[in-house]
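In what follows, a structure is listed as structure tokens, so that the remarks can point back to it.
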Amino acid sequence: MKSLKSDMWLQLSMLRRKPIAMFRNICLRFITFFLIFVFVTQSSTLWADTVSVPVHLSYPFLRQLLILTVFDKPANTAQILVDSAGCSKIILSEPRLSGHGNSLRLVAKANATIGIESGNGCLTMMEWDGEVEVLARPVLLTGSSPVVGFEVKDSNLYNQQGERLVSGIVIDYFKKCVHSVLSHFQIDFGPSLDELKALLPVVLPSHSTAKVKKVVDSLHLAGVRAGSDNLTVELNMEVEALSPTSRVAEPLLTTEEMQRWEKQWESWDAFLTFIVKWMAEATELAPLRATLLEILLDSRYEFRNALAGDTPYETDPVRQLFVRSWKRLVPVLQEISVTLPGQELLAIVAFLTAGDALQALEHLGLEITTDGLRRLARLTGERSEFNPLRYVDDVDPEMRRLFGFDPLEEEKKDLEPLKLNFFMIRPAFAATSHQQSWVRLDKWVPTRAELDQYLPLVRNLLDHNANFLLKNVNISSQAALIYQKLVLAAAWQESCWRQYIMKNGKVVPLHSDSGDVGLMQINEHVWRGFYSIHKLQWDIVYNARAGSEILLKYLVDYALPKGEHKQGNVHYLARAGYSAYNGGPSQISRYRNPKASENHRKIDSAFWKKYMAVRDGRENSIAECLFGTAVAKPSKAADHDKKVLEKKTQAPKPSSPPKSTKSAGLKQESWILAQNPKHFTLQIAAFGSEQASKEFIHKQPQPERFAYYRLKSKDKALYAVIYGIFSKRSDADKTATSRFGEGKPWVRDFKSIQEIIKKQ
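Start counting at 1 in the sequence shown, then tack on 166, and there's your number in this note's numbering.
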């Protein structure tokens with residue numbers, strides 16, 4: 167037994183010598199980043215003499231630290247006792263951490279073997295499998311460095327049936343062994359505070375270096391406690407009254423100020439792009455990557471809107487972008503972190519709990535300086551020679567791959583050879599080849615007399631791009647037809663089907679003040695890294711392909727998954743796609759948002775009129791947009807597509823009562839109770855307020871075919887909207903499919919609804 171005890175303490179001494187440098191580096195990245203932003207959060211108003219900042223360390227994060235420092239053997243195991251002969255050993259596995267009152271609770275599976283060396287082998291005296299439970303109180307350790315440790319209070323052993331084992335000599339010995347797992351687990355805050363001292367003056371330049379340094383020098387750990395979800399460390403600081411930086415509305419920037427601001431934004435955008443790519447590389451989950459792309463694009467759209475704005479602002483737009491983007495990144499980081507082991511997880515967790523603090527950063531006069539962003543980027547563990555703030559316009563193939571865009575080389579092979587061969591074939595043959603005739607569109611600014619030649623070529627180009635891209639996605643034929651019309655209508659809305667204009671006697675790309683360019687008005691800032699800026703400007707074929715690809719991305723990755731085709735009209739799918747195209751992915755439902763700005767409502771309304779014209783085969787009305795000429799006849803192709811779409815959406819007309827008048831109001835419970843209980847209806851949606859259900863019905867093309875009723879769900883009042891009356895279930899099913907697209911409504915008999923109404 168003496169020999170076994172000696173070996174045990176040898177193992178414990180080895181635990182104390184775990185790779186401290188690695189451990190400190192991990193904590194440095196996480197805690198430093200967290201403290202920076204929590205520090206700022208707590209200083210958003212007038213400060214007291216002493217400010218206490220809670221630092222929350224989640225149990226999943228602490229578990230990863232345990233795995234890196236203790237459970238670091240294969241399959242996340244810990245060998246807490248192995249004698250020199252290998253005959254006795256205790257191995258723990260599958261650690262789980264949680265809060266238990268005011269203590270940290272560790273539960274792990276245990277396998278124990280006690281034996282003695284015998285000849286050329288071991289003589290096993292005992293084997294045991296079960297679970298261990300260790301309870302430890304978090305404490306602040308005394309010493310020169312601020313360290314959080316864990317004081318073991320109790321432990322228990324359980325057999326495989328979950329029964330607690332009573333005390334005994336062997337059991338007490340085992341318990342002493344497993345105590346080492348938490349009693350030597352420590353979190354050193356010293357390196358993080360040192361890094362914080364160097365960083366705060368950079369991100370808070372509006373306060374004097376001496377004042378900020380005085381605050382940071384007073385930082386100390388004041389307490390630590392275990393909660394149900396995390397371990398909370400209280401960080402105290404002695405401060406003077408630091409007033410938040412006040413800002414007043416300023417006029418629009420001058421040209422010189424705008425140039426400086428754009429440079430500042432470029433640093434921020436390069437930083438955000440670096441972080442988003444870093445996170446996207448850490449996960450293979452398509453929905454998370456789609457959310458990351460949404461955050462990046464929305465930030466860029468906001469910058470575009472700021473460039474085009476004509477209203478004063480109260481705070482630095484770049485600072486606001488910084489705060490809003492980081493708030494949105496936090497939940498994505500949390501999801502990504504649970505899928506990654508080891509160092510990758512810990513690099514990501516460095517950002518997790520910073521989100522809440524970001525809201526108050528701007529109140530202390532935060533400035534988005536290149537030095538501050540560069541320091542923050544380094545917290546990811548990226549190599550020091552890499553410049554995370556490098557802003558370039560080149561196409562980034564890796565970024566396209568991460569966010570689901572096809573390689574551009576494949577697109578070039580499909581289209582460019584047609585242009586190269588154009589001049590080597592007979593003009594008579596070229597006239598019959600619509601693809602090769604696209605070359606004529608190069609730098610073509612059509613006159614009024616040329617419209618009958620120009621418009622069919624542009625339509626052909628847009629149709630070809632839409633059809634080419636549809637080959638690579640799996641959507642319904644109905645959604646595909648809507649997408650084809652969406653491409654035509656969006657190009658009409660954006661540019662009147664123009665790539666070029668005449669300016670000072672020269673042909674130049676159509677270009678807006680905010681950076682939108684060409685046929686599809688693709689923004690150069692928003693789509694930096696995804697497309698060649700030069701080709702977007704000077705190549706109409708490339709511009710058309712890029713815009714069509716973006717529209718399809720919004721349709722497939724955002725509008726369809728969010729059910730925009732289930733909002734009462736399947737064609738709303740096109741409205742959703744354009745709202746995102748105009749305002750960013752987060753604006754996918756802007757067209758139906760009653761709180762949308764007047765300007766956005768006008769934009770969405772104008773697009774809807776154009777889309778309806780295209781749907782009805784009147785896209786040649788584009789001539790009016792260019793020169794105010796008379797409306798041309800519908801194209802045969804458009805007329806054919808219209809018939810196909812109408813055929814797919816054709817449904818038996820449900821019988822309905824006479825159209826209601828405004829004075830009569832919408833149909834409600836009394837009308838429903840009067841219906842034949844054996845007939846059927848379609849339950850479309852349920853809303854949280856009566857007003858919302860009314861607004862939904864009023865927006866429909868035939869509101870007289872709708873009704874609504876009140877019901878209760880978990881003590882909450884809801885207002886369900888129904889559509890039509892059907893004597894046969896088969897007719898109801900057919901209408902559910904054809905009118906409401908891929909998201910079928912609930913086919914119900916009136917009897918079931920009448921019973922609900924009567925019970926209330």
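Backbone N, C-alpha and C define an ideal beta-carbon position, used for all residues, glycine too.
Note that the structure is a prediction, hence the values are computed from the model and not measured.
Same chain, Cβ closer than 8 Å to P573, five either side skipped, listed in chain order: P563, R566 and R567
Distance CB(R756)-CB(S745) smaller than 7 Å: yes
Nearest to S879 (by Cα), restricted to the options I923, D899 and S224: I923
Simplified DSSP assignment, three categories, for K844: coil
Pick from I441, L627, V611 and Q644 that is closest to N553, judged by C-alpha positions: I441
Sequence-distant residues of its chain with Cβ nearer than 6 Å to Q352 (five each side left out): V313 and G315
Opening and closing residue of the alpha helix (DSSP H) in which S918 lies: F916 to K925
From G356, Y777, F916 and L495, residue whose alpha carbon lies closest to that of L307: G356
Other residues of its chain near L459: CB distance less than 6 Å, five sequence neighbours each side excluded: F569
L438 versus L462 - alpha carbon distance: 7 Å
DSSP beta-bridge partners of A276: L258 and G296
Close Cβ partners of Q920 (< 7 Å) along its chain, the five nearest in sequence each way excluded: I838, L839 and P843
contact_flag[the region 246-258, the region 269-287] where n(CB pairs < 8 Å) is 3 or more: yes
Range of the contiguous beta strand (DSSP E) that encloses D320: V313 to N325
Element boundaries [alpha helix (DSSP H), containing L654]: S643 to S661
Bridge partners - G265, DSSP secondary structure assignment: L270
For G713, the first and last residue of its enclosing beta strand (DSSP E): Careful: G713 lies outside any beta strand (DSSP E), inside the alpha helix (DSSP H) at I706 to Y720.
Residues bridged to L247 [DSSP beta-bridge criterion]: I256
Proximity to H222 [Cα-Cα], best of V683, Y324, V332 and T398: T398
Distance between beta carbons of N670 and G681, contact taken as under 8 Å: At roughly 20 Å, the Cβ-Cβ gap does not stay under 8 Å, so G681 and N670 are not in contact.
Sequence-distant residues of its chain with Cβ nearer than 6 Å to N286 (five each side left out): none
Same chain, Cβ closer than 7 Å to W774, five either side skipped, listed in chain order: R741
Neighbourhood of P675 by C-beta distance below 7 Å, restricted to the same chain and skipping five residues each side: Q665, Y666, V683, G684, Q703 and W704
As assigned by DSSP and simplified to three states, the class of A241: coil
Alpha carbon of K833 to alpha carbon of E870, nearest angstrom: 8 Å
Sheet register partners of V484 (DSSP bridge): Answer by DSSP bridge pairing: none, since V484 is not bridged.
Buried/exposed call for E576, threshold 16 Cβ in 10 Å: Note on E576: pLDDT 43, under 50, position unreliable in the model; no value is reported.
Q866 - DSSP class collapsed to helix/strand/coil: coil
Where V332 falls, given that 16 or more other Cβ within 10 Å makes a residue buried: exposed
Exposure label - A364; buried when at least 16 CB within 10 Å: exposed
Proximity winner among G393, P727, H700 and L792, relative to N268 (alpha-carbon distances): G393
V913 - DSSP class collapsed to helix/strand/coil: strand
Integer-rounded CB distance, given that A852 should sit under 8 Å from Y885: 7 Å
Span of the beta strand (DSSP E) around I888: K882 to F892
Residue range of the beta strand (DSSP E) that includes K732: Here K732 belongs to no beta strand (DSSP E), and DSSP marks it neither H nor E.
Bridge-paired residues (DSSP) for E283: C288
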